Amino acid sequence: KAEFKKRSWMCPPANPCKHLRTVSWEDILALKFCLITDKMLHVQIEKNRAGYSVGVSLSFAFSLTCTVTLYFLLSCRFPLVISVYLIIYEGHSKAVRDICFNNAGTQFLSAGYDRYLKLWDSETGQCISRFTNRKVPYCIKFNPDEDKQNLFVARMSDKKIVQWDIRSGEVVQEYDHHLGAVNTITFVDENRRFVSTSDDKLADIPVDFKYIAELSMHSMPAVTLSPSGKWLACQSMDNQILIFGAQNRFRLSKKKVFKGHMVAGYACQVDFSPNMSHVVSGDADGKLNIWDWKTTKLYHRIKAHDKVCISALWHPHETSKVITCGWDGQIKLWD
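The sequence shown: position 326 = 330 (the working numbering), numbered continuously.
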């Protein structure tokens, strides 16, 4: 938990580089980077206590500085465990479904099939508090606003989205517009609203809400907001990535459809390069797929994992590095 200078492992380096998601959008566009990745730099193999490889269901990269990426790579493993590659957090009695850091990275939330949401101290590994309404939580999100970091929303197994206050431990709001299981929650419009998708094939913006539903729509179990804040990339179960406008009208962009991968039945995460030149996603064949944002053409496919590649994340600092994780129990860093 401490390095040779007796500093905390979360202590930032002396000369940190900029976080690519926090610099201005104009500066991002002025940089020429985000190259196609094809070289594997590192492999992390997740194993249980018996020494067997276990699947990784989700990974989340976080860093406000240019600290080594894998030190801040938070992952959910199927057998009850959350990992950052210096500390293992154990506290759930059943498998962990989702995780989410606060803005500072000092704390994070976890959602487990044991019906509990737990708040953790990232540095010490201590469980600070826990929350439950006796339903299974499937997804959790901190409110991104700095002055509302005490609030988080969670999608529950009873088709509701519930908002908690960390300070009081009380439920402060419930949203019950969906008729099916809620898949994703994504904050948009400078965090004034959030979009939820569901198995009822509806995209919903609650409170001044709007329903987006068509007969041709499929369930969308993974949604990512673009770095510019203008677009939502939705992984559709008909083996397409659909793009919706994330401002005002929330309409489907029919010119932006990304195809060529197989994801039916899997909630494979989607991500953008920081300058939005590329879109990346894993698939059911264990491949990392990279598309050109402007032309929507599939540029490159890499055999990343032996089983489903469930997550693909662009590095928050390095311009051409991508992190993938799969159900083969491996987390890989690509350049």
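The beta-carbon is built from N, C-alpha and C at its ideal position, and this holds for glycine as well. Values in this document were obtained by computation on a predicted structure and should not be read as measured data.
Going by beta carbon distance, what residues of the same chain come within less than 7 Å of Ile-144, once the five residues before and after it are set aside? For the purposes of this step, residue 144 is taken as residue 140 along the sequence shown, with counting starting at 1. Once the five neighbours on either side are set aside, the close Cβ partners of Ile-144 are Asp-102, Cys-104, Leu-113, Ala-115, Leu-121, Phe-156 and Ala-158.
Roughly how many angstroms separate the alpha carbons of Gln-273 and Phe-135, rounded to a whole number? Counting from 1 along the sequence shown, the entry for residue 273 is found at position 269. Counting from 1 along the sequence shown, the entry for residue 135 is found at position 131. Taking the straight line joining both Cα atoms gives about 26 Å.
Rounded to a whole number of angstroms, what is the C-alpha to C-alpha distance between Lys-139 and Trp-338? For the purposes of this step, residue 139 is identified with residue 135 of the sequence shown, where counting begins at 1. For the purposes of this step, residue 338 is identified with residue 334 of the sequence shown, where counting begins at 1. C-alpha separation (whole angstroms): 38 Å.
Quick one: what does DSSP say Asp-151 is sitting in, helix, strand or coil? As a position in the sequence shown, residue 151 is number 147, starting the count at 1. DSSP places Asp-151 in helix when its eight states are reduced to three.
Let me confirm a value: Val-303 is counted as buried when at least 16 other C-beta atoms fall within 10 Å, else exposed. Which label applies? Stepping through the sequence shown from its first residue, residue 303 is reached at position 299. In the sequence as displayed, the identity of residue 303 is Tyr instead of Val. Flag for Tyr-303 reads exposed.
First and last residue of the beta strand (DSSP E) that includes Ser-191? Stepping through the sequence shown from its first residue, residue 191 is reached at position 187. In the sequence on display, residue 191 carries Phe and not Ser. Where Phe-191 is concerned, the enclosing beta strand (DSSP E) stretches over 186–192.
Using a threshold of 7 Å, state whether the C-beta atoms of Val-186 and Ser-200 are closer than that. Against the sequence shown, residue 186 aligns to sequence position 182. Against the sequence shown, residue 200 aligns to sequence position 196. Yes; because the gap between Cβ atoms is below 7 Å, this pair is in contact.
Helix, strand or coil for Trp-168 per DSSP? In the sequence shown, the residue the question calls residue 168 occupies position 164. Trp-168 falls in the strand class under three-state DSSP.
For Arg-149, count neighbouring Cβ atoms within 10 angstroms of its own Cβ and tell me buried if that reaches 16, exposed if not. As a first step, residue 149 must be located in the sequence shown, where it is residue number 145. Before going further, note that residue 149 is Asp rather than Arg in the sequence given. Exposed, by the Cβ-count rule.
Do Phe-262 and the ligand ATP come close, with the Cβ less than 6 Å from some heavy atom? With respect to the ligand ATP, the structure offers nothing, as it holds no ligand at all.
Rounding to the nearest angstrom, what Cα-Cα distance links Ser-133 and Asn-147 in this structure? If you number the sequence shown from 1, residue 133 lands on position 129. If you number the sequence shown from 1, residue 147 lands on position 143. Roughly 18 Å between the two C-alpha positions.
Measuring only between beta-carbons, confirm whether Trp-297 sits less than 7 Å from chain C. Checking the listed chains, one finds no chain C in this structure; it contains a single protein chain.
Out of Ser-277, Gln-251, Trp-235 and Tyr-270, point me to the one whose CA is closest to Val-261's CA. Taking the sequence shown and counting its residues from 1, one reaches residue 261 at position 257. Measuring from the Cα of Val-261, the nearest candidate turns out to be Trp-235.
Excluding the 5 residues flanking Gln-177 on each side, which residues of the same chain have their C-beta closer than 6 Å to its C-beta? Position 173 of the sequence shown, counted from the start, is the residue given in the question as residue 177. The answer, listed in chain order, is Gln-167.
Of the residues Leu-123, Asp-162 and Cys-329, the one placed nearest His-181, counting alpha carbons only: Within the sequence shown, residue 181 is the residue found at index 177, counting from 1. Nearest of Leu-123, Asp-162 and Cys-329 to His-181, Cα basis: Asp-162.
Per-residue DSSP class, three states only, for Ser-161: By 1-based counting over the sequence shown, the position of residue 161 is 157. Ser-161 falls in the coil class under three-state DSSP.
Under the assumption that Ala-250 contacts Gly-269 (Cβ atoms under 8 Å), give the Cβ distance between them as a whole number of angstroms. Working through the sequence shown from its first residue, we reach residue 250 at position 246. Working through the sequence shown from its first residue, we reach residue 269 at position 265. About 26 Å separates the two Cβ atoms, so there is no contact after all.
Ignoring anything shorter than 3 residues or poking outside the stretch 229–306, list the beta strand (DSSP E) runs there in chain order. 235–240, 244–249, 256–263, 274–276, 282–285 and 291–296
So if DSSP puts Thr-328 in a beta bridge, which residue, or which two residues, is it bridged to? Against the sequence shown, residue 328 aligns to sequence position 324. Note: Thr-328 sits in a beta bridge opposite Ala-316 and Lys-336.
Asn-252 versus Ser-97 - alpha carbon distance: On the sequence shown, position 248 is the one that residue 252 refers to. On the sequence shown, position 93 is the one that residue 97 refers to. If I take the Cα positions, the gap works out to 42 Å.
Between which residues of its own chain and Phe-191 is the CB-CB distance below 6 Å, once the five residues before and five after are set aside? Looking up residue 191 in the sequence shown gives position 187. Once the five neighbours on either side are set aside, the close Cβ partners of Phe-191 are Pro-148 and Phe-198.
Do Gln-244 and Ala-226 have their C-beta atoms closer together than 7 Å? Position 240 of the sequence shown, counted from the start, is the residue given in the question as residue 244. Position 222 of the sequence shown, counted from the start, is the residue given in the question as residue 226. No, Cβ-Cβ distance for Gln-244 and Ala-226 is not below 7 Å.
Who are the Cβ neighbours of Met-241 in its own chain at under 6 Å, not counting the five residues just before and after it? Within the sequence shown, the letter at position 237 stands for residue 241. Answer for Met-241: His-222, Ser-223 and Ala-268, listed in chain order.
Cβ-based neighbour list, Met-160, same chain, cut-off 8 Å, excluding 5 preceding and 5 following: The residue given as residue 160 occupies position 156 in the sequence shown. Here the set comprises Asn-137, Lys-139, Val-140, Pro-141, Tyr-142, Val-166 and Val-186.
Does the separation of the CB atoms of Asp-332 and Lys-307 fall below 7 Å? Residue mapping note: residue 332 aligns to position 328 of the sequence shown, counting from 1. Residue mapping note: residue 307 aligns to position 303 of the sequence shown, counting from 1. No, Cβ-Cβ distance for Asp-332 and Lys-307 is not below 7 Å.
Does the Cβ-Cβ distance between Asp-296 and Met-266 come in under 7 Å? Taking the sequence shown and counting its residues from 1, the one referred to as residue 296 is at position 292. Taking the sequence shown and counting its residues from 1, the one referred to as residue 266 is at position 262. No, the Cβ-Cβ distance between Asp-296 and Met-266 is not below 7 Å.
Starting from Leu-121, trace the beta strand (DSSP E) both ways and give me its first and last residue. Position 117 of the sequence shown, counted from the first residue, corresponds to residue 121. Residues 121–125.
For Arg-138, the first and last residue of its enclosing beta strand (DSSP E): Along the sequence shown, read from residue 1 onward, the residue named residue 138 stands at position 134. Run containing Arg-138: none; DSSP gives neither H nor E here.
Taking the straight line between their C-alpha atoms, what separation do you get for Cys-131 and Lys-263? Locating residue 131 in the sequence shown gives position 127, where the first residue counts as 1. Locating residue 263 in the sequence shown gives position 259, where the first residue counts as 1. Their Cα atoms are separated by approximately 42 Å.
Taking all protein chains shown into account, do 16 or more other C-beta atoms lie within 10 angstroms of the C-beta of Asp-287, making it buried, or fewer, making it exposed? As a working mapping, residue 287 is identified with position 283 in the sequence shown. Its Cβ being crowded by 16 or more others within 10 Å, Asp-287 is buried.
Contacting residues, own chain, Cβ-Cβ under 7 Å from Asn-154 (five flanking each side not counted): Sequence index remark: in the sequence shown, residue 154 carries index 150 (1-based). Taken in chain order, the residues that qualify are Asp-169, Ile-170 and Arg-171.
By Cβ distance below 7 Å, which residues in the same chain neighbour Val-283 in space, the five residues on each side in sequence not counted? For the purposes of this step, residue 283 is taken as residue 279 along the sequence shown, with counting starting at 1. Result list for Val-283: Ala-237, Ile-245, Phe-262, Val-274, Phe-276, Trp-295 and Trp-297, in chain order.
So what does DSSP say about Ser-202, is it helix, strand or coil? By 1-based counting over the sequence shown, the position of residue 202 is 198. Note: Ser-202 maps to strand in three-state DSSP.
C-alpha distance - Phe-248 paired with Trp-124, whole-angstrom precision: The residue you call residue 248 lines up with position 244 of the sequence shown. The residue you call residue 124 lines up with position 120 of the sequence shown. Between Phe-248 and Trp-124, the C-alpha separation is close to 34 Å.
Find the nearest neighbour of Cys-313 within the set Thr-300, His-319 and Gly-330, judged by alpha-carbon distance. On the sequence shown, residue 313 is found 309 positions in, with the first residue counted as 1. If we check each option's Cα against that of Cys-313, Gly-330 comes out closest.
Mind checking who Lys-145 pairs with in its DSSP beta bridge? Locating residue 145 in the sequence shown gives position 141, where the first residue counts as 1. Val-157, per the DSSP bridge assignment.
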